[in-house]
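There are 2 protein chains.
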Amino acid sequence: MHDLTRLSLNQATIRQWDVRQAVEGCARAGVPAIGLWRERVAELGVERSARLVRDAGLAVSSLCRGGFFPAATTAERQRRIDDNRRAIDEAARLGTDVLVLVCGPAPDRDLQAARAMVHEAIGALLPYAQEHGVRLAIEPLHPMFAADRSVIVTLKQALDLAEQFPADVVGVAIDVYHVWWDPEVLPQIARAAGRILGFHVNDWIVPLPDVLNGRGLMGDGVIEIRKLRQAVDAAGYHGPIEVEIFNERLWAMDGDALLELICDRFRSWV
Amino acid sequence: MHDLTRLSLNQATIRQWDVRQAVEGCARAGVPAIGLWRERVAELGVERSARLVRDAGLAVSSLCRGGFFPAATTAERQRRIDDNRRAIDEAARLGTDVLVLVCGPAPDRDLQAARAMVHEAIGALLPYAQEHGVRLAIEPLHPMFAADRSVIVTLKQALDLAEQFPADVVGVAIDVYHVWWDPEVLPQIARAAGRILGFHVNDWIVPLPDVLNGRGLMGDGVIEIRKLRQAVDAAGYHGPIEVEIFNERLWAMDGDALLELICDRFRSWV
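Here's what the structure looks like:
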């Protein structure tokens, strides 16, 4: 990426900033898009957040996150579906047509049952998402999150699921951290053509500082980021590329300095 | 498992014991088999270790570990192959026909090239393994080890590789910790019929205490161990089941007390 036209800052990357600060920081740095998180948006309110990004001329590449569908009881599963309807509302009001789904873990040991619950919940959300012009991006998470964050763990599995629904409503979000290890990642990216709703970059540091909050800046790890980006391009995705990094060390930095570093690394490694 | 006839203690599980202590401990507890590690065998010497296990009437279910094939230079790759020939020798002298392969990480970012190096190395070892009556068990490791331990990360990938070689020499070792998350694990276990050279049990604790040394005792985590064991049985594997757990907390326990706990959990959960 020789310029920043496709760069989007996922706001979790600079969590030392609230929505207002992140919007202002992106404007200062010439970053044209932002990925928002529901809980940070809630601090300021959806309408005020929406106005801020609109007034700054920023695009919203996605809202994070819906999902967490499997639960032990029908009532609890219904509550989660209702919450996802609110997330769809919020996405539409924030001006993005992509809601990222982290599908959730099993409530017990039964992965198969939990995966069926994910399928059922997406089916239940489909008409509501369609009416609101919001697409659901199933994000396969790295298998090390299978027990506590997502029973959807490979791109193949995410596509097997997405393909059971219309392509204009359900697709996938591809994050290099979650898929880089997969022997089938390149053919599955090719297969994802027409279903790619987001592409996230970061890096896998060796040794891994922390399962959840030890992701690296692009270039600090072992992921062949450019190769994956080119594969995603070749599959016809030309939308925003979110930098999404959870890293305690980066969260301790000055926000503007970190965003400058992100822009540099984006140019060199994505 | 209502009795212990298929139980094998992988000696890394009780690393507070050396080979002699582990052999004596197994004999005391009525555990009929042991999985040995090269570095622990080296402390005592191969011949003395072999005599100890033979005199105690223990079977050796496997030797850990060969592998670590990919390297930046031809000379270094050759050195690794030579070391694996020594591991084959040791396995034969210890009375086991299974050498477990942890295939190793890439020397750089190129996973595809590293995977080709693994394929080439196994091909180079094939005649030597065959002559010595030792089978090579490719162990797919959890994808979170892709960067530092193994570029072979799924059972499907391990089988795709194994099937390029004769079934009487190259197969797979299936460890529940490494494969439980995989949406394809059951069909791949069925496919592995005739190639299963080992089955390892333990558990995945939530939250994970440590990537490498935070595995749990059977029953302490979320893995459907019995379901996987039954799938392995149905695929025609009726050999030893190794308990292999790396866990700092367990390593601080009295060895006999830990082995008793392992036997209990084996009966209840495997």
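Chains as they are written, first to last, in my numbering: chain U, 41 to 310; chain E, 41 to 310.
Yeah, the Cβ is synthetic: ideal placement off N, Cα and C, and Gly gets one too.
Among the residues of chain U, none has a CB under 9 Å from the CB of H240 of chain E; the nearest is roughly 17 Å distant.
Residues of chain E with a Cβ closer than 7 Å to the Cβ of W221 of chain U are, in chain order, P183, A186 and V193. Per the coordinates, the alpha-carbon of A161 of chain E lies some 23 Å from the alpha-carbon of L76 of chain E. P206 of chain E counts as exposed, since fewer than 16 other C-beta atoms from the protein chains shown sit within 10 angstroms of its C-beta.
Following the DSSP letters along the chain, one finds A177 of chain E inside the beta strand (DSSP E) bounded by residues R175 to I178. For L47 of chain E, the enclosing beta strand (DSSP E) stretches over residues L47 to N50. Taking the Cα positions, L141 of chain E is about 27 Å away from L298 of chain E. For W244 of chain U, the nearest beta carbon of chain E is closer than 8 Å to its own beta carbon.
In this chain, the beta strand (DSSP E) harbouring I214 of chain E covers V210 to D215. For F109 of chain U, DSSP records no beta bridge to any residue. Taking 7 Å as the cut-off between beta carbons, none of the residues of the segment 105-132 of chain E comes near chain U. Positions of the beta strand (DSSP E) runs, each at least 3 residues long and wholly inside the segment 82-163 of chain U, are given as 99-107 and 138-142 in order along the chain. Cβ proximity to chain E below 8 Å picks out nothing from the segment 54-71 of chain U. Within the segment 245-288 of chain E, the complete alpha helix (DSSP H) segments of 4 residues or longer fall at 265-274, listed in chain order. In the DSSP annotation of this structure, the continuous segment of the alpha helix (DSSP H) that includes A62 of chain E starts and ends at V59 to A69. Under DSSP, the beta-bridge partners assigned to F239 of chain E are E:I214 and E:I281.
With respect to the 8 Å criterion, I214 of chain E and L199 of chain E are not classified as neighbours on the basis of their beta carbons.
Contact between the segment 221-236 of chain U and the segment 249-258 of chain U is absent, with fewer than three C-beta pairs closer than 8 Å. Contact residues of the segment 260-287 of chain E toward chain U are G261, V262, I263 and E264 (C-beta to C-beta distance below 8 Å). Short of 7 Å from the beta carbon of R266 of chain U, and not among the five residues preceding or following it, lie these beta carbons of its own chain, in chain order: W309 and V310. A distance of 8 Å or more separates the beta carbons of G144 of chain E and R94 of chain E.
Beta-bridge partners assigned by DSSP to L76 of chain E: E:L103. In this chain, the alpha helix (DSSP H) harbouring V225 of chain U covers V225 to R231. In this chain, the alpha helix (DSSP H) harbouring R305 of chain E covers G295 to W309. Excluding the 5 residues flanking it on each side, V81 of chain E has same chain C-beta neighbours closer than 8 Å at V59, S89, L103, E130 and L134, in chain order.
In this structure, L268 of chain U places its C-beta atom within 8 Å of the C-beta atom of W220 of chain U.
Classified as exposed, G234 of chain E has fewer than 16 neighbouring CB atoms from the shown chains inside 10 Å of its CB.
Closest by C-alpha distance to A271 of chain E, out of E:R255, E:V216, E:D260 and E:W244, is E:V216. A contact between stretches requires three or more CB pairs, one per stretch, nearer than 8 Å, and the segment 103-112 of chain U fails this requirement with the segment 54-69 of chain U. The C-beta of L248 of chain E comes closer than 8 Å to at least one C-beta of chain U.
Only exposed fits D208 of chain U, as fewer than 16 other CB atoms lie within 10 angstroms of its CB. Around the beta carbon of G295 of chain E, a 10 Å sphere encloses 16 or more other beta carbons of the protein chains shown; the residue is thus reported as buried. P180 of chain U sits away from Q204 of chain U, with the two beta carbons spaced by 8 Å or more. Against V251 of chain U, the close residues of chain E are M184, L248 and V251, in the order they occur along the chain (beta-carbon pairs closer than 8 Å). The beta-carbon separation of V191 of chain E and L151 of chain E, rounded to 5 Å, stays under the 8 Å limit for a contact.
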